[in-house]
Amino acid sequence: ALRGLESDDLKGLSTENLLRTARDLNVRPEDVPATLMERLSTQEAELLASVAAEPSPPAVLPDLCVVALKYVRLERQLAEVQRELNRLQNMGDTGPALMDLLHQKQQMIRALEAMKPPKELQ
């Protein structure tokens, strides 16, 4: 499931480096735990060990977590587009840049609606 994540999906997460390191591992599945722990900082390794020690999995299906991370990234990007729209509108700009941003915003809203995460992830 991690291979489905892009760098922008992880941007700003407190676990960004941990997830990126896990995603980028190119080892046999049985070697993942040891190799991953070796490549993490002490703090990241402690976090991973504490999550692994939990009596039950901390999350639902990994694929749903990937969808949720992509959803949050798209929300962040939509907020950036909205800030830029506000800036242009405050300047009185009605040119092509504004129209492009409005089109981007519309596409992002549609994409968000199409990938609404399940209730248990909200």
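In our numbering, the protein residues as written are -2 to 119. Heads up, the beta-carbon is just placed ideally off N, CA and C, and yes, glycines get one too.
Separation of residue j from residue i, as counted between CA atoms
i, j, result
"Gly1", "Gly92", "37 Å"
"His100", "Leu61", "28 Å"
"Leu10", "Gln74", "15 Å"
"Glu81", "Glu110", "22 Å"
"Gln79", "Val63", "24 Å"
"Asn14", "Arg20", "10 Å"
"Leu44", "Arg107", "36 Å"
"Asn83", "Glu3", "28 Å"
"Val48", "Pro54", "8 Å"
"Asp90", "Asp28", "56 Å"
"Arg25", "Leu16", "17 Å"
"Ala94", "Asn23", "42 Å"
Residue i at chain B interface by Cβ criterion, 9 Å
i, result
"Met88", "The structure shown has no chain B; it contains just one protein chain."
Three-way DSSP call (helix, strand, coil) for residue i in this model
i, result
"Gly9", "coil"
"Gly92", "coil"
"Leu109", "helix"
"Arg122", "Lying before the first or after the last residue shown, residue 122 is absent from the chain, which here runs from -2 to 119."
"Asn14", "helix"
"Pro26", "helix"
Own chain partners of residue i with C-beta closer than 7 Å, once the 5 adjacent residues on each side are dropped
i, result
"Leu18", "First, the amino acid is wrong: residue 18 is Thr here, not Leu. Excluding sequence neighbours, Thr18 sits near Leu33, Arg36, Leu37."
Burial state of residue i (16 or more Cβ within 10 Å)
i, result
"Leu58", "exposed"
"Asp5", "exposed"
"Glu41", "buried"
"Ala46", "exposed"
"Ala65", "buried"
N- and C-terminal bounds of the alpha helix (DSSP H) containing residue i
i, result
"Arg36", "29 to 36"
"Lys122", "One cannot answer for residue 122 here, as it falls past the ends of the chain, which runs -2 to 119."
"Glu41", "39 to 49"
Close Cβ partners of residue i (< 8 Å) along its chain, the five nearest in sequence each way excluded
i, result
"Lys113", "Tyr68"
"Met105", "Leu71, Gln74, Leu75, Val78"
Beta-carbon contacts of residue i that lie in its chain and below 6 Å, excluding the five residues immediately before and after
i, result
"Ala(-2)", "Pro59, Asp60, Val63"
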